[in-house]
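Reading through the structure tokens given below for one structure.
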Amino acid sequence: MKTLTMTHWSVQEVEMRDGRGVGLRPFAADPDPSRIGLDALSPEVARLRVRRPAVRESWLRHGPGAATDRRGEEAFVEISWDRAEALVAAEIARVRAAHGNEAIFGGSYGWSSAGRFHHAQSQVHRFLNAAGGYVRHMDSYSLGAARVLMPHIVAPMEELFALHTSWDVLAEHTKLMVTFGGVPAKNSQVQPGGTAEHRVRDGLRRMRANGARFVNVTPTADDLDTGGPDEWIPIRPNTDTAMLLALAYTLYSENLHDPRFLDRCCVGFEKFASYLTGATDGIPKDPRWAAAIAGVPAEQIASLAREMAAARTMLNISWSLQRAHHGEQPFWALTALACMLGQVGLPGGGFGVGYGAYNLMGSPHMRLNAAALPQGVNPVKAFIPVARIADMFLNPGGGFEYNGGHYVYPDIRMVYWAGGNPFHHHQDLNRFRLAWRKPDTIVVNEQFWTRSAKMADIVLPATTSLERNDIGTGTREKYIVAMKSVSPPVGEARDDYAIFAAIARRLGVADAYTEGLDADGWLRRLWAETAGRAARAGIALPEFDIFWEAGLVELPPNPEPVVMFAGLRADPAAHPLKTPSGKIEIFSERIASFGYDDCPGHPAWFEPAEWLGGTGAGQYPLHLLSDQPADKLHSQLDHSRYSMATKVKGRQPVTISPEDAAARGIGDGDIVRVFNDRGACLAAARVSGRIRQGVARLSTGAWFDPSAGDSLRPLEKHGNPNAVTLDMGASKLSQGCVAQTCLVQIERFEGIPPPVTAHETAHFVPE
Ligand SMILES: Nc1nc2c(c(=O)[nH]1)N[C@H]1C(S)=C(S)[C@@H](COP(=O)(O)OP(=O)(O)OC[C@H]3O[C@@H](n4cnc5c(=O)[nH]c(N)nc54)[C@H](O)[C@@H]3O)O[C@H]1N2
Ligand SMILES: Nc1nc2c(c(=O)[nH]1)N[C@H]1C(S)=C(S)[C@@H](COP(=O)(O)OP(=O)(O)OC[C@H]3O[C@@H](n4cnc5c(=O)[nH]c(N)nc54)[C@H](O)[C@@H]3O)O[C@H]1N2
Ligand SMILES: [Mo]
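For reference, each letter of the sequence shown is one residue, going 36 to 802 in my numbering.
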């Protein structure tokens, strides 16, 4: 039996020599395995590991709060585990006694690694709960706006993921797929918890082979590959809502909508219709109106609406569209449009909210809710919407609106992070750098010397999933994998569980944290719980030892074809949704009752804070999209060979159109400066005819690498888009992240560019 491991992006086969893992290979049973992370065991990757506990010099000498403006600039002192445990425990005790648990932020957002038990984010939350609680975060960077909106109008996003009509049904029935933001196979490499069988590429090809036609509405055509030519509508970024409204207008004005479906399965269409026709505001949302906003010809919009009504049509939307100012609106407008077409619940018709975003959407497999580490109870009530972190630090005691409530930002003195990289994931990192100076103490458990580790006061070295045993599976995946420890820990790295257990012991809360179990005991407990849940779903799982010996368990496919909302369509009274009306809410009385000026009771067009049709486009005439990297998961393994090979002259490529390149005297491969009032970064130009003029694309993931010194806007040297992105809430409803709402200018960089220093370890000094 082969030794296997599981990552968020693939199952991998471990090449063993003398009982040790020496290399990784793609999983033979995966039809389209990802190549991400196959060099995770290489010396280049190990080079940046955190090897010993380390403390920032000023903090060690002068204590909490010392020279917080020197975070990221100062050297570290390496210390023993014994001392590190004592320092962290004493600091938690001090902050609790002086300020209460409301002063500890354990928001700790981030993907961590696969594995049901060693998941770092769950570990730190459980630990902080055992220690009396912490300020938490709501929602995600992935789905800030949609996660808050969709439960009001349809269903929670996590439920929708698992309901997506499966690829086999799409291949059989769909005649037209209209997708906003593509179906990016590069993104479907990944899903949280693990991906065992990559099926998106094949799903799209099977649809095409069976005669489906694809229309891709996107500023960047690279996000759809069906194996043949697709129709590309190069829309202006952040204007999809206007186009969706005009498609809806056309259906309505030409009587192509389905009043019976709207009446049986939806509420509030009349109010939406009054907005479409302009009865409420004097502006008909017709194709001519939308054309001026979205830069798509009016006739093309009108004929697409007619074609959608004439064929079995699946609508799809990428999550990136809601990672924008007013990001709720395109998701709501797409839902309304699908309901007007009346094909929701029919095989191959209706809508998807993220085919391609993860591998999960479109899976034919059963939903098995595998057990994960329980996080305990958090006595602290304070929270923030996840992307409002800089606002929280900068504005303690200030108020904010969120999902119908009014809340107050807590006053944070201590931050504990495990399994995330905020200096990768947050927007406007120059602003975030200032906010990050506010807390007295920042503790980070990390595997690598990321920017976030370098910006901490105390860094504790964590193991990787190749150095510990775990259970791996993603939602509706084909396999559960025994993730075996194949390598001894690098340096003095410990499992997050061991790190937290030791600190919990010093705080006198070890029992609450460990419940008397070691890691192996937890794996057995989680397995037993998973087996119980599986049995209730009609799936028999073997005993733990048999599973462990076998290395994996295969799960059966769903006995029925998966068709989203077939039940609702067949009998809305018998299959009500969890919305207030039990139906799809094209008008939401509840959202209307919140009285938000930036999110009314029905889908509506709002100008984003920054877009090509706005006034800011004079000074900054390019719309910057920062999408997910094809060659890694976020910032993870950015320094691996596979990821480095995608860089140009060591810097992240930024894609621009031939017209924009020529107008600026930029050639393919030139080093350029991407900038606006918030900051600037260097990148390498890649000139492509597959991007709309006026749009630039700089994928995320290059480790943030600001020039040294105390400038408020240091030049970022590596190509991290969050040097320039906008940090504001999508709306009062969700406060979601708006990374895709960002205008910039790009110019050729003259002279010798400063070297990239992102992939250096911290500097160390003796005590
Ligand atoms: N401009 C822009 N910004 C974005 C986005 C965008 O589209 N545009 N997308 C956003 C989205 S959707 C997301 S989800 C976020 C992602 O942001 P993150 O989830 O923060 O990104 P990762 O790089 O996955 O960070 C995970 C970190 O955890 C560490 N880690 C992994 N395993 C372990 C472990 O077992 N223990 C410990 N202690 N540490 C571990 C890794 O080394 C890594 O540093 O980024 C967001 N940022
Ligand atoms: N390889 C890899 N896969 C990943 C990830 C990763 O880091 N690496 N991250 C995972 C995570 S955490 C998430 S949340 C998902 C995210 O999944 P998404 O949010 O869907 O992914 P993006 O790549 O940001 O965007 C998809 C496409 O949308 C287009 N787009 C952007 N703005 C607009 C717009 O205004 N209008 C239109 N019509 N199109 C637009 C972009 O050009 C891009 O090609 O991906 C997941 N998959
Ligand atoms: Mo995400």
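Positions of the beta carbon are idealized from the N, C-alpha and C atoms, including for glycine.
Item	Value
When 86, 193, 695 and 440 are compared against residue 767, the one with the closest alpha-carbon	440
DSSP bridge partner residues for residue 249 (one or two, in chain order)	212
Rounded Cβ spacing between residue 362 and residue 765 (contact assumed at less than 8 Å)	4 Å
Collapsed DSSP secondary structure at residue 646 in the structure displayed	coil
Of the residues 597, 570, 578 and 510, the one placed nearest residue 193, counting alpha carbons only	510
Backbone CA spacing between residue 256 and residue 217 [nearest angstrom]	8 Å
Beta bridge counterpart(s) of residue 400 as assigned by DSSP	592
Cβ shell of residue 624 (< 6 Å), same chain only, five flanking positions each side left out	none
For residue 420, the first and last residue of its enclosing beta strand (DSSP E)	418 to 420
Nearest neighbour of residue 703, chosen from 541, 710 and 693 [CA to CA]	693
Of the residues 418, 415 and 201, the one placed nearest residue 397, counting alpha carbons only	201
Exposure of residue 140, with buried meaning 16 or more beta-carbon neighbours within 10 Å	buried
Proximity test, residue 215 beta-carbon vs ligand 2 heavy atom, cut-off 7 Å	yes
Length of the line joining the Cα atoms of residue 153 and residue 495	15 Å
Contact under 8 Å by Cβ, residue 748 with residue 690	no
Of the listed residues 99, 60 and 561, nearest to residue 9 (C-alpha basis)	For the chain, the structure presents residues 36 to 802; residue 9 sits outside this window and is missing.
Euclidean distance between Cα positions of residue 529 and residue 759	36 Å
Beta-carbon separation (whole angstroms), residue 643 vs residue 359, contact threshold 8 Å	6 Å
Completely contained beta strand (DSSP E) runs for the segment 353 to 438, where each covers 3 or more residues	385 to 387, 418 to 420 and 434 to 437
Span separating the alpha-carbon of residue 538 from that of residue 559	24 Å
Residue 657 beta carbon less than 8 Å from that of residue 781	yes
Nearest neighbour of residue 683, chosen from 786, 516 and 717 [CA to CA]	717
beta-carbon residue 740 near ligand 1 non-hydrogen atom, thresh 7 Å	no
Closest by C-alpha distance to residue 77, when choosing among 800, 672, 719 and 746	672
CA-to-CA distance, residue 462 to residue 425, given in whole angstroms	9 Å
In DSSP terms, what residue 711 is bridged to	714
Every unbroken alpha helix (DSSP H) within the segment 591 to 625, with a cutoff of 4 residues, ordered by chain	601 to 605
Closer than 7 Å: residue 358 CB and nearest ligand 1 heavy atom	yes
Candidates 620, 728, 699 and 384, of which the one nearest residue 188 by Cα	620
Cβ distance (whole Å) where residue 487 is taken to contact residue 456 below 8 Å	5 Å
Buried or exposed by the 16-neighbour rule on C-beta atoms within 10 Å, applied to residue 230	buried
With 16 other Cβ atoms within 10 Å as the buried cut-off, status of residue 608	exposed
Residue environment, residue 800, which counts as buried when at least 16 other CB atoms sit within 10 Å	exposed
The segment 132 to 146 / the segment 448 to 455 touching (three or more Cβ pairs under 8 Å)	yes
Residue 445, buried or exposed, once every other Cβ within 10 Å from all chains shown has been counted against 16	buried
C-alpha distance - residue 417 paired with residue 136, whole-angstrom precision	10 Å
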